[in-house]
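By the numbering used here, the letter at position 81 of the sequence shown is numbered 169, and the numbering carries on one by one without gaps. Heads up, the beta-carbon is just placed ideally off N, CA and C, and yes, glycines get one too. Everything numeric in this text was worked out from a predicted model, so none of it was measured.
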Amino acid sequence: MIQRIKMGRVLQEAVAAPYRNLVTRPTGAAVRIRIEAALAVSNCLTALLDFSEIELVDLSCADEVVAKLLLTPQTAYFLVLQGLREDHHEAIEHVLTHHRLAIAAVPPGCMVPRLLGWVQDDAREAFTHISETGPLDVSGLARALGWTASRSREALGDLTLHRLVRPMGELYYPLQTA
């Protein structure tokens, strides 16, 4: 099950103002604290953070909200972003790359997520393949991409470490986005 969090609503509740800009570190911290509180009482494994009502995301808020949520083990196990514009994408990508973190983001009008941030090239390729085709085990990914089993295992291990796939038994599932 997925918990959808509308970032515009959280921002308005956190700062009690009508603007739709995620700027300044204190604003980001206030938003993150509200998200953490909502996730603490949720039984969902996946949180979908919807940025469609947000006008601007600066680097400090990308760091304070997205990076810190990824670094906090108490948050939903899987985080997915939605409704990002290109300028949002750039700020979040920059911050995540700096921290060597990654997150799945669903582009507007698309159901298949793409990766933002830093992962090894093989992990990025494996993520794309699993997101497009569905769950695979180590040998299935190796066959599909023409890799050795150890190369597939390492890529899937990276994706699991970054919480970008859902391992269940022998299979690695794409993250839920809807």
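Check	Outcome
Candidates GLY234, THR185, PRO195 and LEU144: closest to LEU158 by CA position	THR185
For TRP235, the nearest candidate out of LEU252, ALA214, GLY245 and PRO223 (CA to CA)	ALA214
Outcome for TYR165 when other beta-carbon atoms lying within 10 angstroms are tallied against a minimum of 16	exposed
Backbone CA spacing between LEU259 and LEU229 [nearest angstrom]	10 Å
Rounded Cβ spacing between LEU137 and GLN170 (contact assumed at less than 8 Å)	7 Å
C-alpha distance - THR160 paired with HIS187, whole-angstrom precision	13 Å
Buried versus exposed call for GLU152 [16 or more other C-beta atoms within 10 Å across all chains shown]	buried
Inter-residue CB distance, GLY116 and CYS149 (contact presumed, cutoff 8 Å)	4 Å
Where ASP246 falls, given that 16 or more other Cβ within 10 Å makes a residue buried	buried
Proximity to ILE218 [Cα-Cα], best of LEU204, VAL200 and GLY205	VAL200
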